[in-house]
Amino acid sequence: MAPLLGRKPFPLAKPLTDLSAEETIYVIEHSGEGFRSNDEYESRLSRYAERIWTCKSTGSNQLTHKEAWEEEQEVTELLKEEYPVWFEKPVLEHVHHNTLSLDKLVDKTWMEIMTKFAIGERCEFQVGENKILQVVVVKVHPLEPKEELSSEKKTDGTCDSPSSDKENSSQVAHESLGIEPCNKIEESKRDSNTSDRARRSPRKLPTSLKKEEKKWVHPKFLPYKYDVKLQEEDKIISNVPVESLIRSERPPNKEILRYFIRHNSMRMGMGENAPWVVEDSLVQKYSLPSKFSDFLLSPYKPPKWTEDDECNGKEMYLFALVFVKMQKKYIPSAK
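Below, the structure is given as structure tokens:
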């Protein structure tokens with residue numbers, strides 16, 4: 007995954023072909039890019055040394071290309087270790103074509119995975135007082151209308167966990183990363199150098215920034231029923247109540263979730279309602295539905311303009327064009 011230049015991924019040089027044994031190739035060490043021309047190599051190396059690059063996964067900017075590249079690789083490894091694969095699809099389904107801000111999107115998807123088991127999730131099925139079976143969730147039954155209404159009220163804007171990703175993530179998840187949350191007042195007093203060091207270390211904060219953990223109440227699971235498959239035999243048990251299931255692997259905390267969203271999607275535009283778009287390969291892999299038809303068919307709501315918005319007319323026009331093009335791409339009936 008290449009670092010960003012501005013708000014766009016900067017493409018790497020294409021791999022060289024038809025190489026001869028005697029040919030001299032100039033290679034950039036961290037990216038592995040090869041060049042036949044020394045001038046082209048030096049030009050690219052000089053560009054990469056400028057502090058104009060952004061790490062897509064963390065949002066850290068004013069980095070060299072190598073710093074941004076290494077930070078991307080660190081986040082990639084971190085996600086492999088800390089982000090269970092069964093949480094990929096449910097989170098990406100929420101993210102794709104969503105227009106929420108990143109903070110709100112993180113809160114919403116975090117609450118979703120904390121209150122609901124995911125298809126493919128490995129967990130424990132408690133049978134009676136002394137028997138526990140290892141199972142995998144294969145189906146989630148929809149809630150009854152009354153239960154669904156109640157669940158919407160519980161999850162709409164409410165969160166027992168601390169709401170700020172930077173200062174507060176779940177206690178259990180922090181233990182897995184060796185991170186402790188910091189007080190918001192203390193954050194505002196940090197100098198820029200310390201903030202940059204913390205921001206560019208996805209795995210841990212400096213020891214000097216560690217503070218006492220805050221206690222919080224785990225969100226309650228919503229009353230879904232599940233079909234589960236026994237891991238040791240080919241047998242499915244249907245309509246298992248959530249009270250009988252026990253999580254065997256902790257969900258990602260909000261900081262990890264934030265990395266995951268940034269790592270696998272981009273916001274297309276600077277406007278308040280600019281949509282998030284998941285990478286094409288993941289859209290295809292998980293058959294993510296397009297939400298552009300919902301935007302285009304929903305009642306028009308005049309935007310709230312400010313003095314700064316007068317200069318954004320071109321952006322709004324281009325944004326509408328993107329919607330139309332994406333609709334044609336993802337919705338067959340719109341072609």
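Position 193, counted from 1, in the sequence shown is what my numbering calls 199; the numbers after and before it change by one each time, with no gaps. Ideal Cβ placement from N, Cα and C applies to all residues, glycine included.
DSSP places Asn-259 in the coil class of the three-state scheme, outside both helix and strand. Rounded to whole angstroms, the separation of the alpha carbons of Pro-148 and Phe-16 is 43 Å. Counting of Cβ neighbours within 10 angstroms places Leu-25 among the exposed residues, the total staying below 16. In terms of Cα proximity to Glu-56, the closest of Glu-73, Arg-42, Phe-41 is Glu-73. Distance from the Cα of Leu-228 is smallest, within the candidate group Ser-250, Met-272, Arg-256, His-103, for Ser-250.
Here Tyr-232 is near Val-143, since their CB atoms are less than 7 Å apart.
In this structure the segment 279-287 touches the segment 101-112; the number of beta carbon pairs closer than 8 Å is three or more. Secondary structure at Ile-31: coil, using DSSP grouped into helix, strand and coil. Between Pro-225 and Tyr-89, the CB-CB gap reaches or exceeds 7 Å. Below 8 Å, enough C-beta pairs join the segment 119-130 and the segment 90-110 to call them touching: three or more. Taking all protein chains shown into account, Ser-244 has fewer than 16 neighbouring C-beta atoms within 10 Å of its C-beta and is therefore exposed. Cβ neighbours of Glu-130 within its own chain (closer than 6 Å, five residues either side excluded): Ile-138, Ile-252, Ser-254. In this structure, DSSP gives Arg-268 a helical state, which the three-state scheme calls helix. Cβ-Cβ distances below 6 Å link Met-7 to Glu-78 in the same chain, with the five nearest sequence neighbours on each side left out; the list follows chain order. For Asn-44, the enclosing alpha helix (DSSP H) starts and ends at 44-55. The three-state reading of DSSP puts Ser-287 in helix, counting H, G and I together.
Cβ contact annotation for Phe-41 (same chain, cutoff 6 Å, sequence separation greater than five): Tyr-32, Tyr-47, in chain order. Ser-63 sits close to Tyr-265, with the two beta carbons spaced by under 7 Å.
Put simply, the backbone Cα of Met-274 is about 11 Å away from that of Asn-104. In the DSSP assignment, Gln-79 falls within the unbroken alpha helix (DSSP H) covering 71-88. In the three-state reduction of the DSSP assignment, Val-223 falls in the coil class.
Taking the Cα positions, Val-234 is about 26 Å away from Leu-85. Excluding the 5 residues flanking it on each side, Trp-116 has same chain C-beta neighbours closer than 6 Å at Lys-260, Leu-263, in chain order.
Within the DSSP bridge table, the entry for Ile-252 names Glu-130 as partners.
Met-120 counts as buried, since at least 16 other C-beta atoms from the protein chains shown sit within 10 angstroms of its C-beta.
Distance from the CA of Glu-238 to the CA of Lys-291, rounded to the nearest whole angstrom, comes to 27 Å. Sequence-distant Cβ neighbours of Val-81 in its own chain, meaning closer than 7 Å and more than five residues away, are Ser-63, Thr-64, Pro-208, Tyr-265, His-269.
Remark: C-beta atoms of Val-101 and Ser-296 do not approach each other more closely than 7 Å. Residue pairing by DSSP puts Gln-140 in a beta bridge opposite Glu-130. Residue range 231-236 is occupied by the beta strand (DSSP E) that includes Val-234. Between the alpha carbons of Ser-287 and Glu-35 lies a distance of about 27 Å. If you draw a 10 Å sphere on the C-beta of Ser-49, you find fewer than 16 other C-beta atoms in it, and that means exposed.
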